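Numbering (this note's numbering), first residue to last: 1 to 181. Heads up, the beta-carbon is just placed ideally off N, CA and C, and yes, glycines get one too. Note that the structure is a prediction, hence the values are computed from the model and not measured.
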Amino acid sequence: MRVTRQAADPAGEIASLIHDSFAASEGPAEGARVGRLAAALLAGPAPAAEAFLAREGDALVGVVLFSPLAFSDDPRRVLLLSPMAVATGRQGEGIGQRLLGQALARLDAEGVDAVLTYGDPAFYGRLGFRPLDQRETAPPFPLSMPQGWLGRPPGGEASGALPPMRGTSRCAAPLSDPALW
Numbered sequence: 001m002r003v004t005r006q007a008a009d010p011a012g013e014i015a016s017l018i019h020d021s022f023a024a025s026e027g028p029a030e031g032a033r034v035g036r037l038a039a040a041l042l043a044g045p046a047p048a049a050e051a052f053l054a055r056e057g058d059a060l061v062g063v064v065l066f067s068p069l070a071f072s073d074d075p076r077r078v079l080l081l082s083p084m085a086v087a088t089g090r091q092g093e094g095i096g097q098r099l100l101g102q103a104l105a106r107l108d109a110e111g112v113d114a115v116l117t118y119g120d121p122a123f124y125g126r127l128g129f130r131p132l133d134q135r136e137t138a139p140p141f142p143l144s145m146p147q148g149w150l151g152r153p154p155g156g157e158a159s160g161a162l163p164p165m166r167g168t169s170r171c172a173a174p175l176s177d178p179a180l181w
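Written out as structure tokens, the structure reads:
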């Protein structure tokens, strides 16, 4: 598996994989919604997100997107991980964990101070993500599943707890939809 990085999706390949993966697991409406989100995050001359891609040969088998998450009173460089998907039919092979592990290692090396996500604690916990207290690290919108608000300091769990983020948070415009949270 080869991991590459890019900040655009000119052929729609990334959005298509995300659409198909979410449609298979969550239904057609959710697939369409998350596929549109990915397309919006990677659109235009200055995309709001960067993608890490897992390929086997020419086939795209996994993708994870990272976009800035700013806190009003905190200078740290924080990224929001969303969305992430593995090709339908390839799930359960460890592709997602390997892809995310390599992406996080690169972000750690670049000096990213924290990566936050809103997802499955069991999956993300394997890679050093821990639950966040919303009162100490405010999400951009109220959460429908507070247990899914997770954070990871550089180096993951080996580096200790993630200190709270100060102030209110603001995510990339395509993620600024309360229905996503």
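Between VAL115 and LEU65, the CB-CB gap reaches or exceeds 7 Å. The shortest CA-to-CA distance from THR88 to any of SER21, LEU150 and LEU132 is the one to SER21. Pairwise C-beta distances place the segment 36-50 out of contact with the segment 137-152, as fewer than three of them are shorter than 8 Å. Annotation: the continuous beta strand (DSSP E) that includes PRO83 extends over 78-86.
Contact between the segment 25-35 and the segment 69-76 is absent: fewer than 3 CB-CB pairs across the two stretches fall below 8 Å. Look at ARG126 here: in three-state DSSP terms it is coil, with no helix or strand label. One alpha carbon belongs to VAL78, the other to ASP113, and they sit about 6 Å apart. DSSP places SER169 within a strand segment (E or B) once states are collapsed to three.
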